[in-house]
């Protein structure tokens, strides 16, 4: 979790001293923040797949498939982060994407459906709200409400610890009220990826996955 604090401190430093370096290097396309996000989303996927293997042996197919679904979502997010390797391998986005996106990138989150930008409507505000509910609301509910605990166990959801919730809250407050930088939301994504990997390593409910 020290990495989350380090990333936030670096971002605050750039906010105070050097917006250009932040925009055109630190948080740029294919920069440290983007590749860090890809790396920790991929790590999250790997950790969830390992849990899926354990669940297969211990709790059967349904629990393992649920965990496999969570792993797939992290794989999807990691692929989207780097446009599925488009800039790495140097291919051009296909007509399907160029006709539906202003950025000509091989990804779904930058597509538009009519007047709606998926990045803003689904992958922006909606996804942020869901993640904050997971990080901030679920931890205290899990420890206090047997009904919530039972549902979480059936869905084999790794539950954040309270320090994960605290870091998510601090990171959100820094992003919303302290930082005013171009592309600062790229850092927000990295913070979420770091916290997620930490949760999967040490969830509040480790006995669910043993």
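Residue numbers (our numbering): 471 to 680.
By construction, the Cβ of each residue, glycine as well, lies at the ideal position given by its N, Cα and C atoms.
Asked	Found
Reference residue 546; option with closest CA among 520, 527, 576 and 523	576
Uninterrupted alpha helix (DSSP H) stretches inside the segment 611-674 (no shorter than 4 residues)	616-624, 632-643 and 654-671
Cut-off 8 Å between Cβ atoms - residues of its own chain near residue 498, not counting five sequence neighbours on either side	504 and 653
Residue 553: first and last residue of the uninterrupted alpha helix (DSSP H) it sits in	Where residue 553 is concerned, there is no enclosing alpha helix (DSSP H), given that its DSSP letter is neither H nor E.
Under 8 Å between C-beta atoms of residue 642 and residue 597	no
Per DSSP, the bridge partner or partners of residue 595	None, per the DSSP bridge assignment.
Euclidean distance between Cα positions of residue 520 and residue 492	35 Å
Beta-carbon contacts of residue 524 that lie in its chain and below 8 Å, excluding the five residues immediately before and after	679 and 680
Residue from 674, 487, 514 and 551 whose Cα sits closest to the Cα of residue 619	674
Supposed close pair residue 477, residue 660 - CB separation, criterion 8 Å	6 Å
Neighbourhood of residue 671 by C-beta, 7 Å cutoff - its chain only, sequence neighbours within 5 removed	517
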